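Asks: Once you've had a glance at the structure underneath, I'll fire off some questions.
In my numbering, the protein residues as written are 3 to 133.
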């Protein structure tokens, strides 16, 4: 058995213990999301770095990562005559996942770069899965 260590091996090992939520927000423009709040965990620590592999920053994942909120900043001022499907991927650490899994309801607020709030309030479906 080979014990691999180093940048790439450690980055992939760090990734194996995370969970991801993809939130889709439809609008006539491209949005960035500067913050996410999980009710009951307002003091949760958020990382804001790229979601690309491999990256040593994955080893520094706090409670969850929302990526770079300004990645599409050059397009924020544009309005389109069609619906844009904006996706926010929130990558959650295993430790934080275990905490939110205990909640009865998931109440999540996505805050856009324009300070618009998108509120989600659903029954917690996480305990139904053996994760």
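Glycine included, C-beta positions come from ideal geometry on N, C-alpha and C.
All of these numbers come straight from a predicted model, not from anything done at the bench.
For residue 31, which three-state DSSP category applies?
Replies: Looking at residue 31 - three-state DSSP - the assignment turns out to be coil, as it is neither helix nor strand.
Asks: Closest Cβ-Cβ distance between residue 100 and chain D: below 9 Å?
Replies: Going by chain labels, chain D is absent from the structure shown, which holds only one protein chain.
Asks: Give the straight-line distance between the Cα atoms of residue 125 and residue 107, rounded to the nearest whole angstrom.
Replies: Rounded to the nearest angstrom, the two C-alpha atoms are 4 Å apart.
Asks: Just how far apart, CA to CA, sit residue 96 and residue 21?
Replies: Between residue 96 and residue 21, the C-alpha separation is close to 7 Å.
Asks: Would residue 103 and residue 129 qualify as a contact pair, given that the criterion is a beta-carbon distance under 9 Å?
Replies: Contact flag set, yes.
Asks: Among 24, 71, 110, 92, whose alpha-carbon lies nearest the alpha-carbon of residue 42?
Replies: With distances taken between Cα atoms, residue 42 lies closest to 110.
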